[in-house]
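Colleague: A single structure is presented below for examination.
Protein chains: 2
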Amino acid sequence: MRLFWEKGYGATSIADILQAAGANAGSLYYCFPTKQDLLIAVLRRYQTGIHAMLLEPAWQGVSDPVERIFALLARYRDALVATDCTYGCPIGSLALELHEPDPVVRKLLAANFNAWTSAIEGCLKQAGVRIPRNTNLRELASFVLTTMEGGVMQARTHRSLATYDAAVHQLRGYFSHLEAAASATRRKVS
Amino acid sequence: MRLFWEKGYGATSIADILQAAGANAGSLYYCFPTKQDLLIAVLRRYQTGIHAMLLEPAWQGVSDPVERIFALLARYRDALVATDCTYGCPIGSLALELHEPDPVVRKLLAANFNAWTSAIEGCLKQAGVRIPRNTNLRELASFVLTTMEGGVMQARTHRSLATYDAAVHQLRGYFSHLEAAASATRRKVS
DNA sequence: GTCTATACCCTGATAGAC
DNA sequence: GTCTATCAGGGTATAGAC
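Here it is in structure tokens:
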């Protein structure tokens, strides 16, 4: 999991994995007949662990649904800070590296994106009337993921937080507008 | 250039390149001593060719600066359509694949992002009073790139235009808000 | 289930004639 | 400048004893 994240799939050799795990080839191949089986297991783990590994830590002590969205984005910022801006989202990196992967792999990558998007969509639903009623929440949630992935990509390339912060700041501006618009509509109605 | 774009850097072998180019090893290595020299040449070509290869075709017949931004995003959509959503931005893909590249490579990747962002920033400057005066134009331009890269990444993973269209649609909503806010301010002043 | 040794292939890069 | 042949190394995966 760590190696695929740090080096990518192709650049990680079985030998690297054996050394990092302190395992022998026979044992590894007994459990995972091919390298791709290992990738599939890793992707499944990300998928099933999204709450325990990502969302719950990010949302510790944050209850406001909109703030939860930005708390999640802040967590990716922390990862960038902790790695001197060499962090990359493991799913995003693998998604771009594996152009034409096995359908199984591609569907797992898509499922991971879907799980992330659904978590955000849940926040937006909880936000209720604070978001304009005609807003497509799924679309907006997907846009949050877009912002994170695009922001992380640029931050790592520039080795600078500036572009990530810029992306989040602009997204915040967009949310401020949405909330103000929803609020204005509510005043008009009442 | 085509192979690095379609398959990525690591997955493209010198043999692939020789076959595609109809060249022999000796000739290639005479001009490009290492594979990385080839990558550097490709990245330089993207950088110097951004106007002729990307911007001018995208902006053919489009003069409104804000529409130029969305015309550029539409061009990436066309690329997704033309490739059944297997298209990936070559710079973005290489940026994520090459985690810890030679400083020369990383700077070239960053320079490509900068050139793209500067082109958008130019449009925003041309838009003048249509964008609120306190807007950080560089930041907003960077956010447009964020949207494109994040949108393309998801579209390819899902093999669907939906997420890309969602991202562009949301960005359009943000721009509509910005233009409306700038317009309201102008009315108030006059 | 786990170990070591190794098969077999493809990699980037080179040698040296032309 | 271009060609063919090849090197040395590392890749995934396997064989077969234990």
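Protein sequence lines correspond, in order, to chains D and U. Sequential numbering from 1 applies to the first sequence in the working numbering. Sequential numbering from 1 applies to the second sequence in the working numbering. Virtual Cβ for every residue (Gly too), placed ideally from N, Cα, C.
#1: Could you name the residues of the same chain whose beta carbon sits closer than 8 Å to that of P195/D, not counting the 5 residues immediately before and after it, in chain order?
#2: Can you name the start and end residues of the alpha helix (DSSP H) that A21/U belongs to?
#3: For the structure I just gave you, are there three or more beta carbon pairs, one from the stretch 150-167 of chain U and one from the stretch 87-95 of chain D, closer than 8 Å?
#4: Could you name the residues of the stretch 88-109 of chain D whose beta carbon sits closer than 8 Å to any beta carbon of chain U, in the order they occur along the chain?
#5: At least one CB of chain U closer than 8 Å to the CB of L137/D: is that the case?
#6: Write down the C-beta distance between G150/U and A166/U rounded to the nearest angstrom, noting that I regard them as a contact closer than 8 Å.
#7: Can a CB atom of chain D be found closer than 8 Å to the CB of M53/U?
#8: Report the CB separation of L108/D from L96/U in whole angstroms; it is logged as a contact under 8 Å.
#9: Using only CA atoms, which one of Q126/U, S27/U, H51/U, A82/U lies nearest to D64/U?
#10: Over what stretch of residues does the alpha helix (DSSP H) that includes S27/U continue unbroken?
#11: Is it buried or exposed, T34/U, if we count other Cβ atoms within 10 angstroms and call 16 or more buried?
#12: Look at L43/D and L28/D and say whether their C-beta atoms are less than 8 Å apart.
#13: Excluding sequence positions up to five away, which residues of its chain have a Cβ less than 7 Å from the Cβ of F175/D?
#14: Does Q170/U pass the burial test, meaning 16 or more other C-beta atoms within 10 Å, or should it be called exposed?
#15: Which of the three DSSP states is assigned to M53/D in this structure?
#16: Who are the neighbours of G10/D on chain U, taking C-beta pairs under 9 Å?
#17: If you draw a straight line from the C-alpha of D37/D to the C-alpha of R106/U, how long is it?
#18: Just to confirm, are E179/U and R130/U a CB contact at a threshold of 8 Å?
#19: For D78/U, which three-state DSSP category applies?
#20: Closer than 8 Å, CB to CB, is Y174/U near chain D or not?
#21: Put M148/U into one of helix, strand or coil per three-state DSSP.
#22: Since L124/U and L145/U should fall inside the 8 Å C-beta cutoff, what is the C-beta to C-beta distance between them, to a whole number of angstroms?
#23: I'd like to know if F4/D contacts chain U, where contact means its C-beta is closer than 8 Å to some C-beta of that chain.
#24: Roughly how many angstroms lie between the CA atoms of F4/U and S190/U, to the nearest whole one?
#25: Report yes if the CB atom of W116/D is closer than 8 Å to the CB atom of I50/D, and no otherwise.
#26: Could you check where the alpha helix (DSSP H) with P132/D kicks off and where it finishes?
#27: For the alpha helix (DSSP H) containing A11/U, list its first residue and its last residue.
#28: According to DSSP, is S176/U helix, strand or coil?
#29: Can you check which of these residues, L98/D, G8/D, A52/D, D102/D, is closest to A119/D by C-alpha distance?
#30: Taking the alpha helix (DSSP H) that P90/U falls in, what are its first and last residues?
#31: From Y87/U to R186/D, what distance separates their C-alpha atoms?
#32: Is the beta carbon of A41/U sitting closer than 8 Å to the one on F32/U?
#33: Are the C-beta atoms of L140/D and some chain U residue less than 8 Å apart?
#34: Taking the alpha carbon of A11/D as the reference point, which residue from L98/U, W59/U, M1/U has its own alpha carbon closest?
#35: Less than 8 Å between the CB atoms is what I'm expecting for L54/D and V152/D, so what's the real figure, rounded?
Modeller: Quick look at the numbers:
#1: Chain D is shown from 1 up to 190; residue 195/D falls before or after that span and cannot be answered.
#2: 14-21
#3: yes
#4: G88, G92, S93, A95, L96, E97, H99, E100, R106, L109
#5: no
#6: That pair is no contact at about 10 Å.
#7: no
#8: Contact flag wrong, Cβ pair sits at about 18 Å.
#9: Q126/U
#10: S27/U -> alpha helix (DSSP H) spans 25-31.
#11: By the 10 Å Cβ count, T34/U comes out exposed.
#12: no
#13: V66
#14: buried
#15: helix
#16: Residues of chain U with a Cβ closer than 9 Å to the Cβ of G10/D are, in chain order, G8, G10, A11, E97.
#17: 32 Å
#18: yes
#19: It is helical.
#20: yes
#21: In the structure shown, M148/U sits in a helix (DSSP, three-state: H, G or I).
#22: In fact, because the Cβ distance is near 12 Å, the residues do not count as touching under 8 Å.
#23: no
#24: 54 Å
#25: Cβ atoms of W116/D and I50/D: closer than 8 Å.
#26: It is not in any alpha helix (DSSP H) - P132/D carries neither H nor E in the DSSP assignment.
#27: From DSSP, A11/U is part of no alpha helix (DSSP H); its letter is neither H nor E.
#28: helix
#29: Nearest option by C-alpha distance: A52/D.
#30: 90-97
#31: 43 Å
#32: yes
#33: yes
#34: In terms of Cα proximity to A11/D, the closest of L98/U, W59/U, M1/U is L98/U.
#35: Rounded, the Cβ-Cβ distance is 14 Å, inconsistent with contact.
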